[in-house]
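Just so you know, the protein sequences line up as chains A and B, in that order. The first sequence lines up with residues 1 to 206 when you count with our numbering. The second sequence lines up with residues 1 to 388 when you count with our numbering. Cβ atoms here follow ideal geometry from the backbone N, Cα and C, with glycine treated the same way. A short write-up of the structure that comes next.
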Amino acid sequence: MANKNNEALKQPIWVNNPVVVQILGICSALAVTAQLKPAIVMGLSVTVIVAMSNVIISLLRNTIPNRIRIIVQLVVVAALVTIVSEILKAFAYDVSVQLSVYIGLIITNCILMGRLEAFAMQNGPAASFMDGIGNGLGYAAILVVVAFVRELLGSGKLLGFQVIPQWCYDHGYMNNGLMIMPPMALILVGCIIWFHRSKNKDLQEK
Amino acid sequence: MSLRNYLDKIRPNFDEGGKLHAFRSLYEGFESFLYVPNTTAKNGVNIHDSFDSKRMMIMVVIALCPALLFGMYNVGYQNYALAGMLDQATFWNKFWFGFLAVLPRLIVSYVVGLAIEFTVAQWKHEEIQEGYLVSGFIIPLIVPATCPLWILAVAVAFSVIFAKEIFGGTGMNFLNVALITRAFIFFAYPSVISGDSVWVVDHTICGLGANLDGMTAATALGTASTTAAAPAFTMDMVWGFIPGSVGETSVIAIALGALLLLYTGIASWKTMLSVFIGGIAMAVVYNQWGPDNAMAAMPWYEHICVGGFCFGAVFMATDPVTSARTECGKWIYGLLIGAMAITIRVMNPGYPEGMMLAILLMNCFAPLIDYCVVQKNVNRRASRLVKK
């Protein structure tokens, strides 16, 4: 049992990553990764919401009538998203303004419904919790990597602190404006997928 | 034939197990650049036109030479003109100044692009592909002569890897590699490729030229997008004595290249002609019913002569890899490029030059156009069969 929980936690972080293998949650990965800080907050929010909703749905899984399961899942997720959104507004107002609608849109993030349908409806609460944490962290890891590159090359900063010294700018270095735009995030996610496939050969398509 | 003998002599070094095996692709690239490879097909009967892609690429490079040479001269001319020293400068002063300003960009473009091509060829155990010969020549012609070298290097690396190699190399790219380089610079480092301070080299090079302190010259399109009236049409716009990207200014030099491309049949006259028809028609439409701005009021002949319209129509839209391939599709593809380029110029003041975006957009649609044309033909013939 412990082994299974371990697997549920570890698998989605790299080998079965929700973003680069299942290609879920791409929209928010493009939208919130222009800077590192909102990306980290977004990653953590999704992790908490997936884990909690997985546990709740897993506990309810035997009592939910099959025909209305989607609406029950949505109610649970919507409630959790609202709680997280309110907490962010109370304690991290700046970031919640930066993230704007994207916190609310976690409801529509495919990773959530995907995990609820594919995992929590069939497994116990402990395994579901681990699965939620694993998928959330897998999502967060990709966001952080993309945001790291985008903020470093796009604004010369990390977490809002100037990293590239003024000396470079004096000698003709310029921030890459394309990094701030969403298309570059898509290209960076593509690069991560490229790297991922070259390490996991069984995922390569013939 | 001593060079041939020398190449044969050093060949074993590059074979499997030789000490220079890591440079095999470099050796093969230069060998097939200098001589026709003597490998032949092993099975079946193959008839090859001797007009192979190597000769085709060389022809395009020759066709680009007038634009490059005139562009070099114009870079010098613009510098001296802005300094008010035109009467003191000789022809060769201007040309050498421009030559020294443009040459580093040509070298950077080729070194970075070919290095990536050679590395990929070595890595995938393939032969070097010729495609970059032309792209590498076009890239310095479509950026300003002041473009910083490191930015050019980054842009070339980006476009060769992401627009070409990941799709499988020469002939597999669906977007024009040279235009992606320019688009990358345009979106990533807009300050080096737009505005009014980048089009004229503002410092002396090896004692030639003049230092221009703060003196700037906008392109005709730049002026038209920011002021109430477009600059009046002059013959300089046809000859090319106006500020702009290196190779795009002279209609005459581009026309010489176009003649060669059309004579050798490399570029499709349908694509080229329809780009001009689309552009002219759209310009006339905006003259009549367009919004109230300087760009819409610009007469069609001026729209054609300024900016990159001619260069794009002759050298970029006709790229055989990224353009439509069906005969009817070429008309649709060309008309839409011309119309779209003028539309972007008129409707979006943020992008005074619409040619780059228009061609890239239609590159994306070329496969769809071809598909529709082929399907239409299939349906027409199928219905004829049913009628009988």
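- Using beta-carbon distances, Leu203 (chain A) does not count as an interface residue toward chain B, since no partner is under 9 Å.
- Contacts with chain A at 9 Å (Cβ-Cβ) include Val154 (chain B).
- Following the DSSP letters along the chain, one finds Ser135 (chain B) inside the alpha helix (DSSP H) bounded by residues 132-138.
- Taking 9 Å as the cut-off, the beta carbon of Val111 (chain B) is found no closer than this to the beta carbon of Thr146 (chain B).
- A direct Cα-to-Cα measurement between Leu116 (chain A) and Val81 (chain A) gives close to 15 Å.
- By the rule that beta-carbons nearer than 9 Å mark a contact, Trp167 (chain A) does not touch chain B.
- Buried is the label assigned to His303 (chain B), since at least 16 other Cβ atoms lie within 10 Å of its Cβ.
- A Cβ-Cβ separation of about 18 Å leaves Phe70 (chain B) out of contact with Gly209 (chain B) under the 8 Å criterion.
- Proximity of chain A to Tyr351 (chain B) at the Cβ level (cut-off 7 Å) is not reached, the minimal Cβ distance being about 14 Å.
- Contact annotation: Gly138 (chain A) and Pro18 (chain A) have beta-carbon atoms nearer than 9 Å.
- Per DSSP, the unbroken alpha helix (DSSP H) holding Leu114 (chain B) starts and ends at 91-123.
- Apart from sequence neighbours up to five positions away, the residues of its chain that approach Pro148 (chain B) with a beta-carbon distance below 7 Å are Val192, ordered along the chain.
- Within chain A, the residues whose beta carbon sits less than 7 Å from that of Phe184 (chain B) are Leu178, listed in sequence order.
- Below the 7 Å Cβ cutoff, chain A contributes Asn176, Gly177, Leu178 as neighbours of Ala188 (chain B), in chain order.
- Between the beta-carbon of Val50 (chain A) and that of Asn175 (chain A) there is about 34 Å, and that puts the pair past the 8 Å contact cut.
- Classified as exposed, Pro349 (chain B) has fewer than 16 neighbouring CB atoms from the shown chains inside 10 Å of its CB.
- By the neighbour-count definition (other C-beta atoms within 10 Å, threshold 16), Leu261 (chain B) is a buried residue.
- For Phe161 (chain A), the beta-bridge partners assigned by DSSP are A:Leu158.
- In this model, Val95 (chain A) and Leu153 (chain A) are separated by some 21 Å (Cα to Cα).
- For Lys9 (chain B), the enclosing alpha helix (DSSP H) starts and ends at 2-14.
- Of the other Cβ atoms in all chains shown, fewer than 16 fall within 10 Å of the Cβ of Leu103 (chain B); this residue is therefore exposed.
- For His203 (chain B), there is no enclosing alpha helix (DSSP H), as DSSP marks it with neither H nor E.
- In the three-state scheme derived from DSSP, where H, G and I count as helix and E and B as strand, Leu24 (chain A) is classed as coil.
- Taking the beta carbon of Gly172 (chain A) as reference, the chain B residues within 8 Å of it are Pro148, Trp150, listed in sequence order.
- Distance check between Cys372 (chain B) and each of B:Thr343, B:Leu26, B:Glu327 places B:Glu327 closest, using alpha-carbon atoms only.
- Note on geometry: alpha-carbon atoms of Pro320 (chain B) and Ile342 (chain B) lie some 23 Å from one another.
- Contact with chain A is found for Ser191 (chain B), since one of that chain's Cβ atoms lies less than 9 Å from the residue's Cβ.
- Close CB contacts of Phe186 (chain B) within its chain, under the 8 Å cut and outside five residues either way in sequence, are with Ile193, Ser194, Met356 (chain order).
- Considering only beta carbons, no part of the region 39-61 of chain A lies closer than 9 Å to chain B.
- Annotation for Cys147 (chain B): no alpha helix (DSSP H) segment contains it, and DSSP assigns it neither H nor E.
- Exclusion of the five residues before and after Ala185 (chain A) leaves Leu30, Thr33, Val146 as the residues of its chain whose Cβ lies within less than 6 Å of its Cβ.
- Around the CB of Thr249 (chain B), 16 or more other CB atoms lie within 10 Å, so the residue is classed as buried.
- Looking only at B:Glu117, B:Ile252, B:Leu360, B:Gly222, the smallest Cα-Cα distance to Pro243 (chain B) is reached by B:Gly222.
- The straight-line gap separating the alpha-carbon atoms of Lys199 (chain A) and Ile192 (chain A) is approximately 11 Å.
- Just measuring C-alpha positions, the residue of B:Met272, B:Val246, B:Ile128 sitting nearest Ala258 (chain B) is B:Met272.
- Here Asn62 (chain A) is exposed: its Cβ has fewer than 16 other Cβ atoms, across all protein chains shown, within 10 Å.
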